[in-house]
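Participant: First residue of the sequence shown? That's 7 in our numbering, and the numbers climb one at a time after it. Here it is, the structure, as structure tokens.
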Amino acid sequence: MKWTLAAVTLLMAALAWAQDTAVASSASGTIPTDRPSENIALGATYTIEPGPNYGLCSDPGDREQLTDGVYTEGYFWAQLSTVGWQEKTPSILTLDLGAVKPIRGVSFHTAAGFADVRWPLTIRILVAGEDREFHEIGDLVQLSAEQHGPLVPTKASDAMWDREGMRFTNAEIYDHFDRHRDRYPEKEVTPELRERILRDLNEQRAAQYGTHRYWTDRLRTHGRYVSLVVWNEPYTFVDEIEVYAGEPEWVNEPLPGPAIPDLKAYAGRLAIQKGIRTRLVRDIEALRAAAEEEGVPVETQGDVLGELASVEGELGLATAFGGDFQAVLPLNSWHERVLRTQARLWRARGLEPPTFWRSNLWDPLPLIGTPDTTAELAVEVHLMRKEYRAAAFNVSNSSDEPMEVAFRLSGLPGGDNPEYVTVHEVAWTDTRRGVPVAAALPEVAAENDLYVVTVPSGMTRQVWLTFHPVDVQPGTHEGEVVVESVQGGKRFPLRMHLYPLDFPEKQSLHLGGWDYTDRISHFRLVTEQNRPTIIEHLREHLVDSPWALKLAL
Numbered sequence: 007m008k009w010t011l012a013a014v015t016l017l018m019a020a021l022a023w024a025q026d027t028a029v030a031s032s033a034s035g036t037i038p039t040d041r042p043s044e045n046i047a048l049g050a051t052y053t054i055e056p057g058p059n060y061g062l063c064s065d066p067g068d069r070e071q072l073t074d075g076v077y078t079e080g081y082f083w084a085q086l087s088t089v090g091w092q093e094k095t096p097s098i099l100t101l102d103l104g105a106v107k108p109i110r111g112v113s114f115h116t117a118a119g120f121a122d123v124r125w126p127l128t129i130r131i132l133v134a135g136e137d138r139e140f141h142e143i144g145d146l147v148q149l150s151a152e153q154h155g156p157l158v159p160t161k162a163s164d165a166m167w168d169r170e171g172m173r174f175t176n177a178e179i180y181d182h183f184d185r186h187r188d189r190y191p192e193k194e195v196t197p198e199l200r201e202r203i204l205r206d207l208n209e210q211r212a213a214q215y216g217t218h219r220y221w222t223d224r225l226r227t228h229g230r231y232v233s234l235v236v237w238n239e240p241y242t243f244v245d246e247i248e249v250y251a252g253e254p255e256w257v258n259e260p261l262p263g264p265a266i267p268d269l270k271a272y273a274g275r276l277a278i279q280k281g282i283r284t285r286l287v288r289d290i291e292a293l294r295a296a297a298e299e300e301g302v303p304v305e306t307q308g309d310v311l312g313e314l315a316s317v318e319g320e321l322g323l324a325t326a327f328g329g330d331f332q333a334v335l336p337l338n339s340w341h342e343r344v345l346r347t348q349a350r351l352w353r354a355r356g357l358e359p360p361t362f363w364r365s366n367l368w369d370p371l372p373l374i375g376t377p378d379t380t381a382e383l384a385v386e387v388h389l390m391r392k393e394y395r396a397a398a399f400n401v402s403n404s405s406d407e408p409m410e411v412a413f414r415l416s417g418l419p420g421g422d423n424p425e426y427v428t429v430h431e432v433a434w435t436d437t438r439r440g441v442p443v444a445a446a447l448p449e450v451a452a453e454n455d456l457y458v459v460t461v462p463s464g465m466t467r468q469v470w471l472t473f474h475p476v477d478v479q480p481g482t483h484e485g486e487v488v489v490e491s492v493q494g495g496k497r498f499p500l501r502m503h504l505y506p507l508d509f510p511e512k513q514s515l516h517l518g519g520w521d522y523t524d525r526i527s528h529f530r531l532v533t534e535q536n537r538p539t540i541i542e543h544l545r546e547h548l549v550d551s552p553w554a555l556k557l558a559l
């Protein structure tokens, strides 16, 4: 949740209202009324790691509420009957059923969709016998979707939103107006506009917020201990967990897969596994849609859809990773196969390998999509002496194999590959939210007077050029990017417009950010070894206003 004035006001109101238990239930549609079998988790003891810490719902009862049979009524994360975590991921909830029992299903009841509360990325089910050697049974998020279809939240009742504490305040109305000026041409909030904003806010909240019960009754397993490892960011909320009894003879069957002796270590790997799966699934879906577009030859369409289906059937294997894993795209050999289908689609649309093209320097590159080759292919930069400026061009590979592209920068002052230009091969990386980003800038050194960048099949590689001329005469300098690795060669313009001004040694505009380099481990990846390099990097980029904790003053 972003702590805007509006959010703080809403949460303060919700806290005051939270004690009022006479509200209409927002979750009546997801509370189970016809369970598939006995809930053998009712009254079970359990452990929680890490401990709940969300202020509006944390109380001593958190150690009992998840198996007490009581479902939350009202605004979910403002009720003491809910258990919640903020910035604590993953959450490990381990139930003790008292003895080894047969299990046919599990249920997890939660809420999300509003105020930056999101639906769980994964809820892994694990079971263990008396030996506490856990075995993974499945992902409840996935199992629930397979059994009941896509997530459709149960909306809150109108009565809940009509409560005094849930009405929007003036602060929230004006905050919404300020953040969405593009929607409202008025210069001030008139009585008429106020009513319109209230309608918009109520519609937005009512459409987004909801409760949902993830559940399945298609398991066939057994155990004394049932552990749910929940990965969600930045919040996790749950009010009730149920476990459904199976058939008595199931307790004699072996548990699947290898034993997992350390749940913490297992949980730490979940984000990577889930991230790999998310990347593969999203790219498969996007490329499947691209293959079904009008104009794709039937043969190409069949090849692409067949290969995507093949990888989709191997997702279990495809999420495995080793100790050297990095979230650099393509993630693994399965991801290479997925992206290779994009190369086939590009060829079907007439793109020959390699295709050189230009986009707006600051526009995010699309991982999936056909390159836009309509703009003039030219690299151009305007800057002062002693200033840092960048320019870029893109290379897309429509062949079925990785490609090396060798080139040089010719015709600028200083000869080929002048020292005031740094070449970067922009690396694609995945993110925790599953949004692929082309932003990392590893440098490329020239060898034998050529820069060489690699372009995987079906991908676009951006080549980023950082200019920092110091002792160069001002003027418009015309050069070329000369590609040597393409049959017959390829050239396109490289222009540097250097103005007769020097970037000042001391800037009047100060630059700072949340670096907190005054201490080690404020950020997990800042260490004694890399802190000097980080500080040097910030200084090189003219950061002159560092941030620190108050103890540094």
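Built from N, CA and C at the ideal position, the CB exists for glycine as well.
1) Kindly indicate which three-state DSSP category Ser-316 falls into: helix, strand or coil?
2) Alpha carbon to alpha carbon, how far is Pro-510 from Ala-354?
3) Would you identify the three-state DSSP class for His-154, choosing helix, strand or coil?
4) So for Trp-363, helix, strand or coil by DSSP?
5) Where in the stretch 367-441 do unbroken runs of the beta strand (DSSP E), each at least 3 residues long, occur, reported from the N-terminal end onward?
6) Check whether the stretch 343-350 touches the stretch 293-313, counting contact only when three or more Cβ pairs, one atom from each stretch, lie closer than 8 Å.
7) Comparing the CB of Glu-239 with every heavy atom of the ligand FMN, is any distance shorter than 8 Å?
8) Going residue by residue through the stretch 434-496, where are the continuous beta strand (DSSP E) segments of at least 3 residues, counting only ones entirely within it?
9) Output the distance between the C-alpha atoms of Arg-138 and Pro-267, rounded to the nearest integer angstrom.
10) Using CA atoms only, rank isn't needed, just tell me which of Arg-283, Thr-100, Thr-325 is closest to Glu-246.
11) Using the beta-carbon count (16 or more within 10 Å), is His-341 buried or exposed?
12) What is the residue span of the alpha helix (DSSP H) that Gln-214 lies within?
13) Between the C-alpha atoms of Glu-192 and Asp-181, what's the straight-line distance to the nearest angstrom?
14) So, for Glu-386: in the same chain, excluding its five sequence neighbours on each side, which residues have a beta-carbon less than 7 Å away from its beta-carbon?
15) By the three-class DSSP mapping on this structure, what secondary structure does Gln-85 have?
16) If Asp-508 and Met-390 are in contact, beta carbons under 8 Å, what's the gap, nearest whole angstrom?
17) Using 8 Å as the threshold, is the stretch 413-432 in touch with the stretch 477-489, meaning 3 or more CB pairs across them?
18) Would you kindly report the start and end of the unbroken beta strand (DSSP E) that includes His-141?
19) Quick check on Lys-556: does DSSP put it in helix, strand or coil?
20) Ser-405 to Val-461, Cα distance in whole Å?
21) Take Arg-294 and list the residues in its own chain whose beta-carbon comes closer than 7 Å to its own, dropping the five residues that flank it on each side.
22) Counting beta carbon pairs with one atom in the stretch 48-56 and one in the stretch 101-114, are three or more of them shorter than 8 Å?
23) In this structure, does DSSP put Gly-274 in helix, strand or coil?
24) To the nearest angstrom, how far is the alpha carbon of Asp-145 from that of Val-249?
25) The beta strand (DSSP E) with Pro-108 in it runs from where to where?
26) For Phe-82 and Ala-121, which I take to be in contact (beta-carbon distance under 8 Å), what is that distance rounded to the nearest angstrom?
27) From Pro-197 to Ile-203, what does the alpha carbon distance come to, in whole angstroms?
Facilitator: Well, looking at it:
1) helix
2) 51 Å
3) helix
4) strand
5) 385-391, 395-402, 409-416, 427-431, 433-435
6) yes
7) The ligand FMN is not part of the structure shown, which contains no ligands of any sort.
8) 443-446, 457-461, 466-473, 481-489
9) 8 Å
10) Thr-100
11) buried
12) 197-214
13) 15 Å
14) Ala-397, Arg-501
15) coil
16) 6 Å
17) yes
18) 141-145
19) helix
20) 10 Å
21) Leu-311, Leu-314
22) yes
23) helix
24) 15 Å
25) 97-118
26) Not confirmed; about 11 Å, so no contact.
27) 10 Å
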